[in-house]
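**Q**
In this note's numbering, the protein residues as written are 8 to 539.
(1) May I ask you to report which of helix, strand or coil DSSP gives residue 270?
(2) Measure the CB-CB distance between residue 172 and residue 464 and report whether it falls below 8 Å.
(3) Tell me which residues share the same chain as residue 476 and place their Cβ nearer than 7 Å to its Cβ, disregarding the 5 neighbours each side in the sequence.
(4) To the nearest angstrom, how far is the alpha carbon of residue 496 from that of residue 110?
(5) Quick check on residue 51: buried or exposed, where buried means 16 or more other Cβ atoms within 10 Å of its Cβ?
(6) Rounded to whole angstroms, what is the Cα-Cα separation between residue 47 and residue 33?
(7) Considering Cα atoms alone, identify which of 188, 62, 94 and 498 is closest to residue 139.
(8) Any beta carbon from chain B within less than 8 Å of residue 32's own beta carbon?
(9) Are three or more beta carbon pairs between the stretch 80-95 and the stretch 396-411 nearer than 8 Å?
(10) In whole angstroms, give me the CA-to-CA distance for residue 491 and residue 529.
(11) Look at the alpha carbon of residue 440 and the alpha carbon of residue 73, and state the distance between them as a whole number of angstroms.
(12) Leaving aside the five residues before and after residue 3 along the sequence, list all residues of the same chain whose C-beta is less than 6 Å from its C-beta, in chain order.
(13) Do you know offhand how far residue 279's Cα is from residue 264's?
(14) Between which two residues does the alpha helix (DSSP H) containing residue 127 stretch?
(15) Between which two residues does the alpha helix (DSSP H) harbouring residue 515 extend?
(16) Which ranges does the alpha helix (DSSP H) cover as unbroken runs of at least 4 residues, wholly within the stretch 219-305, from first to last along the chain?
(17) With contact counted as at least three CB pairs below 8 Å, one residue from each stretch, are the stretch 61-71 and the stretch 243-253 in contact?
(18) Would you kindly check if the distance between the Cβ of residue 18 and the Cβ of residue 27 is under 8 Å?
(19) Start and end of the alpha helix (DSSP H) containing residue 201?
(20) Which residues in the same chain as residue 328 place their Cβ atom closer than 6 Å to its Cβ, once the five residues preceding and following it in sequence are excluded?
(21) Tell me, to the nearest whole angstrom, how far the beta carbon of residue 4 is from that of residue 365; I am working on the premise that it is less than 8 Å.
(22) Between residue 322 and the rest of its own chain, which residues show a CB-CB distance below 6 Å, the 5 nearest in sequence each way excluded?
(23) Can you tell me the Cα-Cα spacing of residue 334 and residue 295, whole angstroms?
(24) For residue 341, count neighbouring Cβ atoms within 10 angstroms of its own Cβ and tell me buried if that reaches 16, exposed if not.
(25) The alpha helix (DSSP H) with residue 318 in it runs from where to where?
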């Protein structure tokens, strides 16, 4: 009876328009106070323990990193690289938009941020070359959902918190499905493009790919830091999030200079001689090679002595430092000396503007935006964890487990039921809140039926993806509507054909567990659940 009352209260409050966090928390408190034998002190204890959860610290840092990486400059550079890579195919600009969303997803961990950052630029570009607004909007709305599947993903952190599984394994599990989902969307675009005779971009050669890659390199290097750092043993996912936040702030303010007091100031002053430019670039590439080698060798060649790794890195850097000028037809191998004044100019500039940059209006706006998002997410999560505690105290998951097993459910039919439940719920609720409500209920059942907890997590995340592009509460639909000026009904109609692709992908992910588990099994072994 208590469980029925609890769910009735939650649903009633939600249909009354009460925010999801308040609905979950208020229902839990009232159930404990009026109908449960559990003590009210458990509410305070649960709220305190939830706020002390170490894993949850990753969320504000990933949100902050996403906010700074969502600047137009980072997205523009990623789109350039994507167009250079796949733009020459029929429908290449649309395919490049999907590829750009995949790359940006690996930086942001947020679906709406991916839609805004990539969609703002990509939709306008597609319209200029003859794509319809509806086709362009449908692609971005669906491709943006990859923001919560490709690691690092905030939704994966939420699932790991709710079920006590490894965040690292969840991140690994999302890599292959994320690539497969992006590839399926690109294949669907190619088929449509062939039928509609959509345009392709001219092939500009591998030189353009390399140039675009170098331009986007500082942003994309964040992927390497997060994934390599976690699985190389350098830091935990939470520490990786904090490193990502600091790196993102530094890149946005002082490297790309898309915001802050250095905005628009080029690294190389206008009118610099060719010798100075080549010398500066030679030193930049040498330092980059040295840094990449030292970091990658630490992650993947940990058994090698530090001295040996340093010597190899220094040798590679020297080869680049002395060889690059020859490649650019400069006669002297010491051309890098001519670039030293550029270093002095920029380091002095950064030193003078460092403190003002931290308090600049652009920085303050990014910090406030990330703080608002963090508070919203954490408020939902804490109240949802209180709701999960109430479910556990009333033995609701155990009761449902016993009923489903008694009714003859096996892993195959159970996953069908989970998908249907989440697809329906995803139409009405925000992903993190829905996942925190459903996960404590279905997780024990999945364990009884022998379903891998990481596989279950990816299934739930993919359902959350689809929920973000299905009305009436699909967040990506509203974001796409906002950046295109289209009505919600128009965006829904535009996104629908590609939602079918995601539904097919959901079936594949659900019944091909190896897609999710092969990589984490290979690198970290299977997830072991000791107790719940």
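Note that beta-carbon positions come from the ideal geometry of N, C-alpha and C, so glycine has one too.
**A** So, to answer that:
(1) coil
(2) yes
(3) 148, 149, 152, 483, 484, 502 and 506
(4) 29 Å
(5) exposed
(6) 13 Å
(7) 498
(8) No chain B appears in this structure, which consists of one protein chain only.
(9) no
(10) 43 Å
(11) 20 Å
(12) Outside the modelled stretch of the chain, which goes from 8 to 539, sits residue 3, for which no answer is possible.
(13) 20 Å
(14) 118-135
(15) 495-518
(16) 244-257
(17) yes
(18) no
(19) 174-203
(20) 289, 293 and 343
(21) Past the boundaries of the shown model lies residue 4; the chain is included only from 8 to 539, so the question cannot be answered.
(22) none
(23) 17 Å
(24) exposed
(25) 313-334
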